[in-house]
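First residue of the sequence shown? That's 36 in our numbering, and the numbers climb one at a time after it.
We put the CB at the ideal spot given by N, CA and C, even for glycine.
All remarks here apply to the structure that follows.
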Amino acid sequence: MSGPLPKPGILDIASYVPGRARIDGVARPLKLSANENPFGCSEAARDAYLAASSELHLYPDANTSRLRAAIAEKHKLEPERLVFGAGSDEIFALAAQAFLGPGDNAVQPQFGFAAWAIAVAATGAVMKSAPEHNFVVDVDTIIAAVDENTRVVFVANPANPTGTYLPFNEIERLHANLPSRVLLVLDGAYAECAIGLDSFSDGLNWSRDKKNVLVTRTFSKMYGLASLRIGWAYGPAEVVSALNRIRLPFSVPRAGEAAAVAALGDDAFVQLSVAACDHGRREIDTALRASGIQTLPSATNFVTARFDDAEGVTAALAQRDILIRHLRNYGMPDWLRISIGTPEDNQRVIAALGEVLRR
Ligand SMILES: Cc1ncc(COP(=O)(O)O)c(C=O)c1O
């Protein structure tokens, strides 16, 4: 007798592969594989989290009211147009569930963030991939891939795993060429790193009068709260209302919300993190290029670099207790992604790479 069968397509989905976190026998490897904040989080956020430990028996506020008000205030957004999730990952899943089904498709750039395709496939829809040019999102190929069955387009700016970004007028051009029935999900997981770069915008303000744009953000990267799983999105009332109907009511934990509110009030921590990442990224990038290694121009907290023996370099670094991300699963088998660490971490990975490359 056969057991319950998942819906068609579910068993074809390859599970998300997180950045490697462990090396057998090594208590604390240097983890540069998941683009986390090497400086931890704001002390105010940690204090708020600890203070919330007396309330572990209470359900979270299903409306995420305090964080909603704090984000609305900081970014000058209408609070009722925000939606929250267990990381921005949950928001992608909600958007896919609400707007896609069998027969529909979504479009992403060739090197899109892996969680999007999983969210799309889970609905029975198909993810189409739009070729990139030199590892930069190509608006023209996305527009060309959109057909009468397309319901959602995903773009991250800056992008993971390439680290590259598009000037904002390219995002505007993409939007201008999408039918109004297509939802543009603009993933700003790394936006904090790129604010201030030439022609970059996080699109929040621009999206205010758009009927089909959902801008997503996260506390996982520059705010250093990846383990608390807090993502949010700003979109049109109708889109947000659809997502809110199906979201799990308590997916943002109480202690997480408290920490995020405190983190939002500590601009100095974010600025310091961004400045240090910027510095570290230049150091690693310069060192790699001096060794003849090709790197992609990154606007994020990681460097993506091409190696003749990416597998071997990954293994050799692991022997030195350093974990980085091999981009095989992203269709970039010759490429490695190295998250920026503390200044000491960066020197350590530069020295280790130097040694490995000289061998
Ligand atoms: C482009 C991009 N979007 C979203 C996320 C997911 O972030 P969250 O932790 O908010 O789910 C990541 C995480 O690595 C990412 O790289």
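- The set of residues with any CB-heavy atom separation to ligand 1 below 5 Å comprises, in chain order, Gly-122, Ser-123, Asp-124, Phe-148, Ala-191, Asn-195, Asp-222, Ala-224, Thr-253, Ser-255, Gly-266.
- The residue from Arg-63, Ala-49, Ala-97, Glu-90 with its alpha-carbon nearest to that of Asn-279 is Ala-97.
- Looking at the DSSP output, Phe-203 sits in no beta bridge, so it has no partner there.
- Taking 9 Å as the cut-off, the beta carbon of Ile-373 is found closer than this to the beta carbon of Ile-359.
- The three-state secondary structure of Pro-144, taken from DSSP, is strand.
- Here DSSP, grouped into helix, strand and coil, assigns Thr-176 to helix.
- Approximately 7 Å separates the beta-carbon atoms of Pro-144 and Asp-173; this is inside 8 Å, confirming the contact.
- Contact annotation: Leu-221 and Gly-238 have beta-carbon atoms nearer than 9 Å.
- For Ile-126, the uninterrupted alpha helix (DSSP H) run begins and ends at 122–134, by DSSP.
- Under the DSSP definition of a beta bridge, Gln-329 partners with Arg-341.
- Ser-164: member of the beta strand (DSSP E) spanning 161–165, first to last residue.
- Closest by C-alpha distance to Ser-236, out of Tyr-225, Asp-244, Tyr-84, is Tyr-225.
- Of the residues assessed, Pro-73 falls on the buried side of the cut-off, its CB having 16 or more other CB atoms within 10 angstroms.
- With respect to Ala-311, Ala-80 sits apart: the two C-beta atoms are not nearer than 9 Å.
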